[in-house]
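So the structure is just underneath, and the comments pick up after that.
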Amino acid sequence: MKFGIHLSTFTREWSEDVLEYVPVVKEYGYHGFELPLMSPEEIDLIKVKKMLNRYKLQCTCGTGMNPNRDISSENIEIRQNGIDHLKKCIDICSELESDCLGGVLYAPWGQLKMRSEAKDNIKMSLEALSDMGEYAGKRGVVLAIEILNRYESYFVNTVSEGKAFLKQINNKNIKLHFDTFHSNIEEKNMYGAIVEGGKDIYHIHFCENNRGVPGSGNINWNEVKRGICDIGYDRWITLENFVMAECEVGRDVNIWRYIEKDGNTAACEGIKFMKNLFGEV
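Below, the structure written as structure tokens:
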């Protein structure tokens with residue numbers, strides 16, 4: 001098992017240089033980090049590679065669509081922007097030897113529609129993902145589509161729905177990204193959802209029910225662990241917490257009170273919990 005942390009856990013503003021937190025990632029005992037690629041054209045690949053080599057870390061990457069780059073859009077230009085964005089992110093993953101690009105790859109985060117009204121959008125998204133799977137596969141990258149709760153996306157809310165989409169996409173380079181925060185809202189049984197996902201689960205985020213440190217809320221983590229072990233998952237478990245209020249990041253992800261003192265606290269306590277849970281202390 002490899003333990004990682006999403007670098008946005010530390011940030012108050014999206015524009016921060018997330019690489020300044022890499023030394024802390026190493027200090028706390030993580031095996032690597034998840035690099036947010038919301039603006040891939042601004043990523044200094046040489047600097048990232050130097051940081052990975054200097055601290056002997058690995059990385060995964062994450063990204064998402066927005067209203068101006070959206071592979072589900074009926075607007076040809078906007079859809080092409082989304083395709084171009086994914087290609088840039090896949091290329092960066094390949095350069096960094098990251099075999100996973102996770103996140104909300106299928107439609108803009110926060111976009112809410114009736115599914116009956118979005119049939120064409122869903123169809124276009126799945127077709128584009130199939131093409132992107134081919135592009136990613138040639139570069140040694142797997143795309144992991146993140147399953148979100150109903151308040152953040154209409155597209156895919158459960159593992160069962162995710163698996164149904166994978167069948168339609170029909171590309172071995174497209175898998176599922178499972179997040180305990182979202183699953184705690186949507187799944188009737190977390191263990192059952194993980195087992196149902198099985199080998200289709202390629203990336204996992206750990207987060208407590210209130211976005212805080214795992215183990216500090218009401219998620220049954222022993223059942224989560226049991227599911228992960230039962231499916232033989234042995235890849236990244238990545239901490240993704242959003243805990244700070246009164247800042248740009250907190251506002252955008254609806255954090256109105258301090259869940260924890262700060263991102264550093266979440267990072268420090270999170271790795272302790274994950275290693276304890278899996279007996280790797």
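The opening position of the sequence shown corresponds to residue 1 in full-length UniProt numbering, with each subsequent residue numbered one higher.
All C-beta atoms, glycine included, are put in the ideal place defined by N, C-alpha and C.
Just so it is clear, the structure is predicted and the values come from calculations on it, not from any experiment.
Beyond the five residues adjoining it in sequence on each side, residue 140 comes within less than 7 Å, by CB distance, of 94 and 99 in the same chain, given in chain order. The Cβ atoms of residue 243 and residue 255 sit closer than 8 Å to each other.
Just measuring C-alpha positions, the residue of 212, 268, 108 and 203 sitting nearest residue 2 is 203. In the DSSP assignment, residue 136 falls within the alpha helix (DSSP H) that extends over 119-137. A distance below 8 Å between beta-carbons, with the five flanking residues on each side excluded, links residue 56 to the following residues of its chain, in chain order: 26. When rounded, the separation of the alpha-carbon atoms in residue 164 and residue 39 is 30 Å.
Under DSSP, residue 36 shares a beta bridge with 62. Take the alpha-carbon of residue 179 and the one of residue 225: they are about 13 Å apart. Along the length of the stretch 138-163, whole beta strand (DSSP E) runs at least 3 residues long occupy 142-146, reported in chain order. For residue 21, same chain residues with a beta-carbon under 7 Å away, outside a window of 5 residues either side, are 7 and 10 in chain order. By the C-beta density criterion, residue 157 is buried, having at least 16 other C-beta atoms within 10 angstroms. DSSP lists 62 and 144 as the bridge partner or partners of residue 102.
In the three-state reduction of the DSSP assignment, residue 239 falls in the strand class, which pools E and B. Judged by DSSP secondary structure, residue 205 falls within the beta strand (DSSP E) whose first and last residues are 201-206.
Under a 10 Å Cβ-count criterion, residue 170 is classified as exposed, with fewer than 16 other Cβ atoms of the shown protein chains found around its own Cβ.
Around the CB of residue 239, 16 or more other CB atoms lie within 10 Å, so the residue is classed as buried. Boundaries for residue 172: no beta strand (DSSP E) harbours it, and the DSSP string shows neither H nor E there.
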